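One structure below.
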Ligand code: SAM
Ligand code: SF4
C-alpha cells in the first residue's frame, strides 16, 4: 500500500500542503521582496474542482493530512468552501491551515464546523509598532483578537491545536523570544520559533539567522531547563515545555538541523505545480496535465516519478541562499 508516495529512501509521504492563492494582505519582509512578486492571472490558479480532484487522488494514495497555505489562504474568496469540500472527504485525519489571521475571526465558526483540526497563526512580534515594520502593514490587534477567538472556540487542545509561528531574525525580533515563551505560561498555545530561511529576494544573510541552539539557550537562561515533549520522526518542530506552563514551545530548525530524513511532506502551489521539496526548484505542473485532459492514471504516473526523484536531503544553507527557487509567498511554507 502507498508505494506511489514512497520515495527511493523509503520515506512515505502522508502530508500534502496546498497553496490556495499567491496573493496576500500582508507584505512580510522575510517572505516577499519589497517590490512584491509578479502575480499570475486568476486563470492560472487551480480551481476548487481541480483542488478537490487532486486531494481525492492523494487521499487514495495514503495522504492523511492536508494543510492549506498561500500567500494568505483566506484571501481567496472560496477558501471556506474549499475547506468544507475537503473536510467531507474520506481518509483525512488532519485538516490544517497556516494563516496570518487577518481575515480569520469571522470565518472561524465555519472553519471549525468544516473540520479544520489544526490552526497555525503567523505572528512574529508582540509589539504593534514592530508588526508594521515586519509585515509592512497594520493588523496587529486584529491578529491578537483572532487568537483569542480561536481559543474561545475550542482551539488550544491536543485534538484542536493552536500554534503561533514566529520567524526569528537577529536584530529584528530576537529580543522577544522570552516574551513569547512567557505567553505560554497561562495560554495553551504552542509558540514555534522558525529559523529564518533564504528565498529569492528576501535579503537573507546568515548573520540574521538565529540558530536553534542559541534560541534554546536564551530561553533556558530565563526560564530554566525545558522539558522535552515526545515527537514523531516527521515532526519539523522539536517541542518543549517550561515546567508548569499551560502551553509549549517549538523550534523549527530547517537551516541548522535539517529534518529531511523524516520528511513526509509534498506540496502543490496555488498554480498547480507539484513540489517534492520546499527547497528544491524542481516542479511539475499538475494543472497543465489536468487541463490537457490527463486521466488519474497519467497524473499518478507523473506524481510517482516526481516522488521517486526526491533527494535525500536539501543542499545546505549556503547553497540554498544561491539557488533560484520561488520566493516563500509563492510556495507557501
Ligand atoms: N500567509 C500565511 C501565513 O503567513 O501564515 C501562510 C503562508 S506563509 C508563506 C507560511 C509560513 O511560512 C509562515 O509561518 C511564515 O512565517 C513562514 N515563512 C515565510 N517566509 C519565511 C522565511 N524566509 N523563513 C522562515 N519561515 C518563513
Ligand atoms: Fe503573507 Fe504569510 Fe508571506 Fe507574510 S508570511 S507575506 S502573511 S504569505
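Residue numbers (the numbering used here): 4 to 336.
Ideal Cβ positions, reconstructed from N, Cα and C, are used throughout, including at glycine.
None of these values were measured; they are calculated from a predicted model.
Under 6 Å: does the beta carbon of residue 170 sit that close to some heavy atom of ligand 1? Flag set: Cβ of residue 170 near ligand 1.
Residue 140 versus residue 132 - alpha carbon distance: Those two C-alpha atoms are separated by around 10 Å.
Return the chain-ordered list of same chain residues with a C-beta closer than 6 Å to the C-beta of residue 172, the five sequence neighbours on each side being excluded. Hits under 6 Å: 199 and 211.
Quick one: is the Cβ of residue 200 within less than 6 Å of any heavy atom of ligand 1? For ligand 1, at least one heavy atom lies less than 6 Å from the Cβ of residue 200.
Buried or exposed for residue 245, please, with buried defined as at least 16 other CB atoms from any protein chain shown within 10 angstroms of its CB. Per the 10 Å Cβ criterion, buried.
Beta-carbon proximity list for residue 191, same chain, < 8 Å, skipping 5 on both sides: Contacts found: 154, 159, 160, 165, 249 and 250.
CA-to-CA distance, residue 128 to residue 177, given in whole angstroms: Going from the Cα of residue 177 to the Cα of residue 128 covers about 9 Å.
May I ask which residues mark the beginning and end of the alpha helix (DSSP H) holding residue 193? Per DSSP, residue 193 belongs to no alpha helix (DSSP H); it is in the beta strand (DSSP E), 193-198.
Can you determine whether any heavy atom of ligand 2 sits closer than 6 Å to the C-beta of residue 25, and answer yes or no? Not under cutoff, so the answer is no.
Please determine whether the Cβ atom of residue 142 lies at a distance below 6 Å from any heavy atom of ligand 2. It does not: the Cβ of residue 142 is nowhere closer than 6 Å to a heavy atom of ligand 2.
Taking the beta carbon of residue 19 as the centre, do at least 16 other beta carbons fall within 10 Å, making it buried, or is it exposed? Residue 19 counts as buried, since at least 16 other C-beta atoms from the protein chains shown sit within 10 angstroms of its C-beta.
With a CB to CB cut of under 7 Å and the five nearest residues on each side skipped, what residues in its chain are close to residue 304? Excluding residues within five positions, none has a Cβ falling inside 7 Å.
From which residue to which residue does the beta strand (DSSP E) around residue 71 run? Per DSSP, residue 71 belongs to the beta strand (DSSP E) from 68-72.
From 8, 56 and 16, residue whose alpha carbon lies closest to that of residue 290: When only C-alpha atoms are compared, the closest one is 56.
Does the beta-carbon of residue 283, which I'm using as the reference point, lie nearer than 6 Å to any heavy atom of ligand 1? Checking every heavy atom of ligand 1 against the Cβ of residue 283, none is found closer than 6 Å.
C-alpha distance - residue 1 paired with residue 253, whole-angstrom precision: Shown here, the chain extends from 4 to 336; a query on residue 1 therefore has no answer.
Quick check on the burial criterion: 16 or more other C-beta atoms within 10 angstroms. Buried or exposed for residue 264? Per the 10 Å Cβ criterion, exposed.
Output the distance between the C-alpha atoms of residue 121 and residue 100, rounded to the nearest integer angstrom. For residue 121 and residue 100, the distance between alpha carbons rounds to 7 Å.
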